[in-house]
Amino acid sequence: MLIDVHTHIWLSAIENNKKELVQACRQFGIDRIYVSGLNALIPDENEVQVLNGEVYKFMQEQPQLIRGMCMVNPRHANALDVLKNGIENYGMSGMKLWMSTFCDDPLVFPLVEQCIAYDVPILIHAFHKSVGQLPYETLGTHVASLACRYPQARIIMAHLGGNCYNGIKPIRDCANVWVDFSGSIFRRDDLDYSLEMIGPERLLLGSDMNGSFLVCYGQVLEAALTDAQRDLILYKNALKLFERKQQA
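Numbering (our numbering), first residue to last: 967 to 1214.
What follows is the structure, encoded as structure tokens:
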């Protein structure tokens, strides 16, 4: 079984993206993908509504394959309503935070508290860059700060934090933070380092498709893992993480 916890459709190419994702799933035998909609770094209320609506349509078109992540801009006055609509009405599986603000900004706290009440995970874009760091681009230190404030929250730090040597250390002792290795073409050493630091129980397969699924999948196949450890990363951790223990 294969579960990809981190994929996207982009506003400028929604139908093409949907076709590409479905084709990749069929080609590589991916059983389930978690999808969020993206466009502007700081989207307005209308854009958030359109993107979440398009993800919901995708969920309806491919109900066995597609799970939705509700994209929220914490700066909006209606952010809680957006989250509630995504989880309660659209049946989405969690919340996606991108680059509207740092993930440990107080604006995010009510949303995290609602996710805890819903018992759903939070996928957070986190990316450390040597150059070109964006103004509100979350780092591993921000993720650790949020995780310590809300130990009940289930958090996914995306992209190994952008630089595993910068992102993994802050969250090493945060048992409520999982990590995906989607995005840029990481070296195999990055995955090895992450395995050494936090173990296979907190690593998730994510591709950032429409990028290359095989880049991320191949790293798992090449890593020095037992079959049981490999299964944790490829699907078992995701099944456990996204399993809702209670209904809000």
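Think of the CB as a built atom: it goes at the ideal place given N, C-alpha and C, for glycine as much as any other residue.
Small disclaimer: the values here were computed from a predicted structure and weren't measured.
- In this structure, N1142 sits near A1113, with a CB-CB distance shorter than 7 Å.
- The way I'd put it, the stretch 1044 to 1052 doesn't touch the stretch 990 to 1001; fewer than three beta-carbon pairs between them come closer than 8 Å.
- Boundaries around T1107 are those of the alpha helix (DSSP H), 1106 to 1115, since no beta strand (DSSP E) includes it.
- Each residue's CA atom was taken as its position, placing V1074 and A1190 some 38 Å apart.
- The criterion of a C-beta distance shorter than 7 Å is not satisfied by H972 and D1156.
- Pairing G1052 with C1036 gives a Cβ-Cβ distance under 7 Å.
- By DSSP's assignment, C1036 forms a beta bridge with M1061.
- DSSP places R1154 inside the alpha helix (DSSP H), whose first and last residues are 1154 to 1164.
- In the DSSP secondary-structure assignment, I1090 is bridged to L1063, M1123.
- Secondary structure at R1196: helix, using DSSP grouped into helix, strand and coil.
- Annotated as proximal: A1110 and I1137, with beta-carbon spacing under 7 Å.
- Under the three-state reduction of DSSP output, G1003 falls in the strand class.
- Looking from the CA of Y1000, the closest CA among K984, A1083, E1011 belongs to K984.
- Under the 10 Å beta carbon count, E1209 is surrounded by fewer than 16 other beta carbons and is classified as exposed.
- Counting only residues of its own chain and dropping the five nearest sequence neighbours on each side, E1013 has a CB closer than 8 Å to the CB of L977, N1005, A1006.
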